[in-house]
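Taking it in order: structure first as structure tokens, then the write-up.
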Amino acid sequence: MSPEKGINIDPQTKASSSSNNKKVVYHTKDFNLWYGDNHALKDINLSFNEKEVTAIIGPSGCGKSTYIKSLNRMVELVPSVRTSGVISYSDKNILDKTFKVEDLRTRVGMVFQKPNPFPKSVFENVAYGPKIHGIRNKKVLNEIVERSLRGAYLWDEVKDRLNENAYGLSGGQQQRLCIARCMAIEPEVILMDEPTSALDPKSTLHIEELVQELKKEYSIIIVTHNMQQAARISDKTAFFLNGEVVEFDKTDTVFTNPADSRTEDYISGRFG
Amino acid sequence: MANNNDLNKNSKVNVREMIANNKEKNSLSNITEKLVPTLLFLITAVSILTTIGIIYTLLSEAIEFFRRVPIWEFFTSVELDPFGPDPEFGILPLINGTIISSLIAMAVAGPIGLMTAVYLSEYASEKVRRTLKPLLEVLAGIPTIVYGFFAFTFVTPILQLIIPGLSLTNILSPGLVIGVMIIPMIASLSEDAMTSVPNSMREGALALGSTKLEVALKVVIPAAFSGIISSFVLAISRAIGETMIVAIASGSSKDFTFDITESMQTMTAYIVEISSGDISTGTTMYYSLYAVAITLFVFTLIMNLLARYISRKFREEY
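Chains as they are written, first to last, in numbering that gives the first Met the number 0: chain A, 0 to 271; chain B, 0 to 317.
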């Protein structure tokens, strides 16, 4: 559990270390998680590179959402959760009790399955993050809000209604607002937990294009039910099944030439 | 499947026929069906008519009062002396007493009730909450006469140790006790409002690196604001209307003063005092009851309208 120095690179994490010379942002080593007696994640070993999109796919209940929520420790909101192993972010073990979880979540943003804007104005939604982190200057806030909304391709649609309640926006707009809210504090990683599952195809397309743009600045880890989506937008894909990582490799490889027969079965739609 | 078909053919039970027969027989239930809405309307009308009746009585008797005492004098004079040889009827001392006791009560109950609600909804574990909330609601079930006694025989002597100049009857002690009495109202209703804020909003805020306190103060309280305001208003109305505690512990001084260590009378306590004495109908003193009562009524009405306006203005809809 101590912040480790030399991390053994086992087969599962090979995919990340071999590609280019990108920096590894997240390292997960022998990570286990229990909900009460339910062993939900088993010996997870994964690592993620900066400025890449990693997709996590798998059938319902395979632990993919649990895993992504472990990456910013949101999973701890469930009272009965226990964990073991190491998840290191920037070489610090985030599971360490002394680790300040607010710092982690400032550097690792999250977008949820259902859009969850605050019941405040569009402006206040985006300005919330900077404000709680001590940015008060009105001019600076204006600039951050505009930049974030532009970044989420929402600016043109909402620039005349910045003071209206965010709940007046459409579902797709709300989700892009949540992405803008997340970008406003300039995190290094954005976790996305099935961000398009509540959206119509057009809004989904918007978000997918946005992810491609965001990749230039951020590392993105995205959980998705939609395998085509994973194939379209990700550089790497991890396949989860029953709380284990079955396969983790370049997306092309996973989809065209999977090493494990279970991956092939899932991708070709034989189950899940 | 063959079996099923046989059953249908051989069975003598014809459901369609039975339902049709029953429909004809049930003409009585048709009448009931038509009568019920009328009946329910009449029952609803009872409470509305009662309200109208009360307002009518208050108004007509109050008008009689204002024939004897000019309305501007009633609302501007600080002299109140109904028993004197030359009676004076200025309501300002009573309004002053009512506002001061309510303000003291809210100064106690507002912060304590709100903090209790924040603790229960944001910090307490499910188990703690399920134990504490019913206990809190017991506090709301204590009869006000008990609170009055408590203020007079327990709180006032303690306060006298702290504030030496405190009179035996004073507005501070009942104000504080009214505050204690309305804490559960604010705590419980505010907690309901906060608990009903969807968890997804808390998650959204936590995921941006907010601390628990920031989530409570900047997301949950604003989202629950209209519910919190309504709890405050209900509590203030309760404090304004509270009678027994002030009647017992605050005495019946009709002086116009802002000194909270002195005795003051509230509108409700005045009504108790006058109506429990021997007063004959038709005297000015008798009619003054109605004038005070209607003022009290308008007071709470304004409170409610104000609250509705505030909660609509600051509401965060989700």
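Ideal Cβ placement from N, Cα and C applies to all residues, glycine included.
Quick check: the Cα distance between residue 374 of chain B and residue 291 of chain B, rounded to an integer number of angstroms? Outside the displayed span of chain B (0 to 317) sits residue 374 of chain B, for which this structure offers no information.
Consider the Cβ of residue 242 of chain A: report whether some Cβ of chain B lies at a distance smaller than 8 angstroms. By one-based count along the first sequence, residue 242 of chain A stands at place 243. No, because no Cβ of chain B sits closer than 8 angstroms to the Cβ of residue 242 of chain A.
Assuming residue 176 of chain B and residue 244 of chain B make a contact with CB atoms under 8 angstroms, what is their CB distance in whole Å? Counting from 1 along the second sequence, the entry for residue 176 of chain B is found at position 177. Counting from 1 along the second sequence, the entry for residue 244 of chain B is found at position 245. Confirmed, Cβ separation roughly 6 angstroms.
Take every Cβ of the segment 233-245 of chain A, pair it with every Cβ of the segment 258-271 of chain A, and state whether three or more of those distances are shorter than 8 angstroms. yes
By alpha-carbon positions, which one of A/49, A/45, A/37 and A/33 ends up nearest to residue 23 of chain A? One-based indexing of the first sequence puts residue 23 of chain A at position 24. The shortest C-alpha separation from residue 23 of chain A is found at A/49.
Those runs of the alpha helix (DSSP H) which lie wholly inside the segment 27-81 of chain A and span at least 4 residues: 63-70
Would you list the residues sitting across from residue 55 of chain B in a DSSP beta bridge? For the purposes of this step, residue 55 of chain B is identified with residue 56 of the second sequence, where counting begins at 1. Answer is none; residue 55 of chain B lacks a bridge partner.
Pull up the DSSP beta-bridge partners for residue 96 of chain B, would you. The residue given as residue 96 of chain B occupies position 97 in the second sequence. In the DSSP output, where bridge partners are listed per residue, residue 96 of chain B has none listed.
Buried/exposed call for residue 239 of chain A, threshold 16 Cβ in 10 Å: As a working mapping, residue 239 of chain A is identified with position 240 in the first sequence. The residue is buried, with at least 16 neighbouring Cβ atoms inside 10 Å.
Roughly how many whole angstroms lie between the Cα atoms of residue 110 of chain A and residue 239 of chain B? Within the first sequence, numbered from 1, the residue matching residue 110 of chain A stands at position 111. Within the second sequence, numbered from 1, the residue matching residue 239 of chain B stands at position 240. Going by the C-alpha atoms only, they are around 48 angstroms apart.
What three-state label does DSSP hand residue 88 of chain B in the structure shown? Start at 1 with the first residue of the second sequence, and residue 88 of chain B comes out as number 89. Strand.
Return the bridge partner residues of residue 240 of chain A from the DSSP annotation. Taking the first sequence and counting its residues from 1, the one referred to as residue 240 of chain A is at position 241. According to DSSP, which records beta bridges pairwise, residue 240 of chain A is partnered with A/243.
Does DSSP put residue 262 of chain B in a helix, in a strand, or in coil? Position 263 of the second sequence, counting from 1, holds the residue named residue 262 of chain B. The answer is coil: DSSP assigns residue 262 of chain B none of H, G, I, E or B.
Return the CA-CA distance between residue 55 of chain A and residue 196 of chain B, expressed in angstroms with no decimal places. Translated into the one-based positions of the first sequence, residue 55 of chain A becomes position 56. Translated into the one-based positions of the second sequence, residue 196 of chain B becomes position 197. When rounded, the distance between both Cα atoms is 30 angstroms.
Can you tell which of B/214, B/140 and B/313 has the C-alpha that lies nearest to the C-alpha of residue 229 of chain B? Looking up residue 229 of chain B in the second sequence gives position 230. When each option's Cα is compared against that of residue 229 of chain B, the closest is B/313.
Excluding sequence positions up to five away, which residues of its chain have a Cβ less than 7 angstroms from the Cβ of residue 253 of chain A? By 1-based counting over the first sequence, the position of residue 253 of chain A is 254. Closer than 7 angstroms at Cβ, skipping near neighbours: 236, 238, 246 and 262.
Residue range of the beta strand (DSSP E) that residue 107 of chain A falls in? Your numbering for residue 107 of chain A matches position 108 in the first sequence. Element bounds for residue 107 of chain A: 107-110.
For a test of the three-state rule: what should DSSP assign to residue 217 of chain A, helix, strand or coil? Locating residue 217 of chain A in the first sequence gives position 218, counting from the first residue. Here residue 217 of chain A sits in coil by DSSP.
How about residue 47 of chain A: is its C-beta nearer than 8 angstroms to some C-beta of chain B? In the first sequence, residue 47 of chain A corresponds to position 48, counting from 1. No, residue 47 of chain A lies away from the interface with chain B (no Cβ there is under 8 angstroms from its Cβ).
Beta-carbon contacts of residue 315 of chain B that lie in its chain and below 7 angstroms, excluding the five residues immediately before and after: Numbered from its first residue, the second sequence carries residue 315 of chain B at position 316. The answer, listed in chain order, is 221, 222 and 224.
Rounded to a whole number of angstroms, what is the C-alpha to C-alpha distance between residue 95 of chain B and residue 67 of chain B? Residue 95 of chain B sits at position 96 when you count from the first residue of the second sequence. Residue 67 of chain B sits at position 68 when you count from the first residue of the second sequence. In a straight line, the C-alpha of residue 95 of chain B is about 23 angstroms away from that of residue 67 of chain B.
The alpha helix (DSSP H) that contains residue 232 of chain A, what's its start and end? The residue you call residue 232 of chain A lines up with position 233 of the first sequence. Its alpha helix (DSSP H) spans residues 226-232.
Would you say residue 104 of chain A lies against chain B (beta-carbon separation less than 8 angstroms)? Locating residue 104 of chain A in the first sequence gives position 105, where the first residue counts as 1. Yes, residue 104 of chain A counts as interfacial toward chain B.
Along the chain, where does the beta strand (DSSP E) containing residue 192 of chain A start, and where does it finish? As a position in the first sequence, residue 192 of chain A is number 193, starting the count at 1. Counting along the chain, the beta strand (DSSP E) containing residue 192 of chain A begins and ends at 188-192.
Residues bridged to residue 87 of chain A by DSSP? Start at 1 with the first residue of the first sequence, and residue 87 of chain A comes out as number 88. DSSP, once it has assigned bridges, lists A/26 and A/92 as partnering residue 87 of chain A.
Beta carbon of residue 279 of chain A nearer than 8 angstroms to that of residue 40 of chain A: The structure shown has nothing for residue 279 of chain A, since chain A only spans 0 to 271.
Secondary structure at residue 141 of chain A, three-state DSSP: helix, strand or coil? Start at 1 with the first residue of the first sequence, and residue 141 of chain A comes out as number 142. If DSSP states are grouped into helix, strand and coil, residue 141 of chain A belongs with the helices.
Here's the rule I'm using: 16 or more other beta-carbon atoms within 10 Å means buried, otherwise exposed. How should residue 116 of chain A be labelled? Numbered from its first residue, the first sequence carries residue 116 of chain A at position 117. The residue is buried, with at least 16 neighbouring Cβ atoms inside 10 Å.
Below-8 angstroms beta-carbon distance, residue 15 of chain A vs any chain B residue: Here residue 15 of chain A refers to the residue found at position 16 of the first sequence. Any reading at residue 15 of chain A needs caution, since the residue's pLDDT is 43, under 50, leaving its predicted position unreliable; the model's value is listed next. Not an interface residue.
Of the choices A/58, A/179, A/212 and A/157, whose alpha-carbon is the least far from that of residue 129 of chain A? Residue 129 of chain A sits at position 130 when you count from the first residue of the first sequence. The residue with the shortest Cα to Cα distance from residue 129 of chain A is A/179.
Tell me whether residue 114 of chain B sits in a helix, a strand or coil according to DSSP, three-state version. In the second sequence, the residue the question calls residue 114 of chain B occupies position 115. In this structure, residue 114 of chain B counts as helix in the three-state DSSP scheme.
If we call anything under 8 angstroms between Cβ atoms a contact, is residue 146 of chain B one with residue 180 of chain B? Position 147 of the second sequence holds residue 146 of chain B. Position 181 of the second sequence holds residue 180 of chain B. A contact, by the Cβ cut-off of 8 angstroms.
Consider the Cβ of residue 136 of chain A: report whether some Cβ of chain B lies at a distance smaller than 8 angstroms. Start at 1 with the first residue of the first sequence, and residue 136 of chain A comes out as number 137. Cβ-Cβ to chain B under 8 angstroms: no for residue 136 of chain A.
At the 8 angstroms Cβ level, is residue 222 of chain B part of the contact set with chain A, yes or no? Within the second sequence, the letter at position 223 stands for residue 222 of chain B. Yes - at least one Cβ of chain A is within 8 angstroms of the one on residue 222 of chain B.
Proximal residues to residue 311 of chain B (C-beta, below 8 angstroms), its chain only, five neighbours per side dropped: The count along the second sequence starts at 1 and reaches residue 311 of chain B at position 312. Counting only Cβ-Cβ distances below 8 angstroms, and skipping sequence neighbours, we find 225.
So what does DSSP say about residue 6 of chain A, is it helix, strand or coil? If you number the first sequence from 1, residue 6 of chain A lands on position 7. Caution is warranted here: a pLDDT of 43 is assigned to residue 6 of chain A, below 50, making its placement in the model unreliable, and the coordinate value is therefore given only provisionally. Coil at residue 6 of chain A, not helix or strand.
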